[in-house]
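Take 1 as the starting number for the sequence shown in our numbering and just add one per residue. Glycine residues also receive a C-beta, built at the ideal position from the N, C-alpha and C atoms.
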Amino acid sequence: MAAINEFVKHFVKTRYENLPPTAVEAVKKEVLDSLATALGGSTKEGVGELVDMVKEWGGAKQSTVIAHGFKCPAPNAAQVNGTMIHALDYDDGHQTALVHIGCVTVSSAFAAAERMGKVSGKELITAIALGGDFMSRLGLANRPGKSALSSGWHPTTLFGFLGGAVVAGRLFGLDEEQMINAIGLAYHQCGGAGSGVADGALAKRMGPGLAAKAGITSALMAERGITGERDALEGKAGIFKTYMGGDYDPKALTADLGQRWEVVNIGNKPYPCCGLIHACIDAALALRAKHNIDTGKIKSILIYGGQAVYDLSQPPEVKQNPRTIIDAQFSVPYVVAVALVNGKVTVDDFTLDSIKRPEIINVARKVSGKLVPAMNRHGVGPGGVTITMQDGKEYTDEVEYCLGSVERSMTFEDVTKKFRECAACALKPLPTAKIERVIDLVKRLETLSDATGIIKLVG
């Protein structure tokens, strides 16, 4: 049986009772984490402009736009919410597939659920688990043994078009034939070039929102009988042949489908920047704490790791002197400098003013990168930091698995702290009572008869 047919049967027939407890708990963390980063991203560059555009379009008041206090058509709400979730680069992601998940699945799920009027917590969890597992499997199958980013595409956006269609299609109650059409129609819209990062462009944070919007739109079209490509995955013009030149592992697509849930391998970020930097942040923070380092007496800093870590130190003239917030989010020199100077890395370190602070830039200019091929890993890899002081003393720390990885996972309580942090810096900061209400509802999400009450609280 073709993979697409296995998947659609799985998407339509799976019930909440088929999910293992670990997958349920992972989805609940994903929901709270995504709501947190959406609130934190609600004031960020590009979001206000997108909100203005959506308001100008008008339309049916179906689904809530987080933090901005209005409703609009479900596809448009998903677009804005997905963009806000991803704006800080603080959102969750699969540690090996290198695909952000919640920015597409959670934004699509809540927008689709509100369009339906009422959806239980169990059904919301099931839809998000299915979409997250699907996106993760697409990423794992993509270009085996190579960086998921090496194709030139942003995998989150590219695979998010299909994932969004699955989440929405499940919540809309599509049958197998309609689900095939929804995925095919979403594939017809696929895109998401990875070039925005190199240019420091806001396009990077727009991609997941565009994917969520297209996913819901595709499910709505399929619901009305519009047909799409029959095999968007492995067909003659399917995604792996068209976008990856046929470089994929078909076994990774459906192995143990319904038995192994990749949502349990989604990590939550403790720092609001590219996850590939996080091992170096952990190392820098450990050195600062252990040796009480005076950054004014540092002679040089060497960061080292696999290709992904090294690439985020290049070119030095940009990474040491970030031009934009996007530059800073994807700069090892900048973020390591923040960690050493401040002893923490928070959302406050990624504003147009904060990325130009002389005390940070002076340290960032002392950072250079070194490629260690033996540290290459398919996914988020290890990283190390060596600090050489002016008196000749040298300190080194190396981190195999960063905080937030599956091996050192954040707990639900850790994510609640993150939610409180982000809720306080939203466009309209949430009052304490509402913050605690949202946390409580997500914690017992599977018991809710109508999960849409959660999104309304953060609207």
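Residue environment, K418, which counts as buried when at least 16 other CB atoms sit within 10 Å
Taking all protein chains in view, the Cβ of K418 is crowded by 16 or more other Cβ atoms within 10 Å, so the residue is classified as buried.
For A38, which option in L427, D391, E436, I183 has the closest C-alpha, if you only look at C-alpha atoms?
If we check each option's Cα against that of A38, L427 comes out closest.
Out of E446, S449, L441, point me to the one whose CA is closest to G457's CA.
The residue asked about is misnamed: residue 457 is Leu in this sequence, not Gly. Closest option to L457, Cα to Cα, is L441.
Using DSSP's beta-bridge definition, name the partner residues of V385.
V385 pairs with I303, D397.
Backbone CA spacing between N265 and R137 [nearest angstrom]:
The alpha-carbon separation between N265 and R137 amounts to approximately 11 Å.
Can at least three beta-carbon pairs, one atom from the region 66-79 and one from the region 30-50, be found at a separation below 8 Å?
Yes: the two stretches touch, three or more of their Cβ pairs being nearer than 8 Å.
Residues near P279 in its chain [Cβ-Cβ closer than 6 Å; skip 5 each side]
In the sequence as displayed, the identity of residue 279 is Ala instead of Pro. Cβ neighbours of A279 beyond the five flanking positions: P382, G383, V399, C402.
Looking only at C-alpha atoms, which of P250, R365, S331, K370 sits nearest to Q307?
Taking only the C-alpha atoms, the option nearest Q307 is K370.
Using a Cβ-Cβ cut-off of 6 Å (strictly less than) and excluding sequence neighbours within five positions of W57, which residues of its own chain qualify?
So the list is empty, once near-sequence residues are dropped.
On a CA-only basis, which of I326, G305, I325, V332 is nearest P316? Give me that one, please.
When only C-alpha atoms are compared, the closest one is V332.
Using C-beta distances below 6 Å, list every residue in its chain close to L285, excluding the 5 sequence neighbours before and after it, in chain order.
Taking C-beta separations shorter than 6 Å and ignoring five residues to either side along the sequence, the partners of L285 in its chain run A339, following chain order.
Suppose contacts are defined by Cβ-Cβ distances below 7 Å. Is Q189 in contact with V406 by that definition?
Between Q189 and V406, the C-beta spacing is not below 7 Å.
Counting only runs of 3+ residues fully inside the region 310-390, write out the beta strand (DSSP E) ranges in chain order.
Counting only unbroken stretches of 3 or more residues, the beta strand (DSSP E) elements lying wholly within the region 310-390 are 367-371, 383-389, in sequence order.
From F7 to S150, what does the alpha carbon distance come to, in whole angstroms?
Rounded to the nearest angstrom, the two C-alpha atoms are 26 Å apart.
S195 (DSSP reduced to helix, strand or coil)
When DSSP states are grouped into helix, strand and coil, S195 belongs to the helix group.
What residues in its chain sit with their C-beta under 8 Å from that of D327, if we drop five residues either side in the sequence?
Taken in chain order, the residues that qualify are G200, V318, K319, Y334, I355.
Can you tell me the Cα-Cα spacing of V99 and V51, whole angstroms?
Those two C-alpha atoms are separated by around 25 Å.
Excluding five sequence neighbours on each side, which residues of the same chain lie with their C-beta closer than 6 Å to the C-beta of T126?
Within the same chain, T126 has close Cβ partners Y16.
Inter-residue CB distance, F161 and G215 (contact presumed, cutoff 8 Å)
With a contact defined as Cβ atoms closer than 8 Å, F161 and G215 qualify at about 6 Å.
Let's test the definition: count the other Cβ atoms within 10 Å of the Cβ of M221 and tell me whether it reaches 16, buried, or not, exposed.
It counts as buried.
Length-filtered (4 minimum) alpha helix (DSSP H) runs lying within the region 149-181
Listed in chain order, the complete alpha helix (DSSP H) runs (minimum 4 residues) inside the region 149-181 are 155-171.
Minimum length 4: unbroken alpha helix (DSSP H) runs contained in the region 187-258
If we require 4 residues or more, the alpha helix (DSSP H) runs fully inside the region 187-258 come out as 195-198, 203-223, 239-244, 250-254.
Hey, L124 and A109: beta-carbon distance below 7 Å or not?
For L124 and A109, yes; Cβs fall inside 7 Å.
Thinking C-alpha only, which one of N5, I180, K9 is nearest G225?
Selection N5, I180, K9 evaluated against G225 yields I180 as nearest (Cα-Cα).
DSSP beta-bridge partners for C72?
C72 is bridged to S63.
Under the rule that 16 or more other beta-carbon atoms within 10 Å means buried, what is A40, buried or exposed?
Residue 40 is actually Gly in this sequence, not Ala. So G40 counts as buried.
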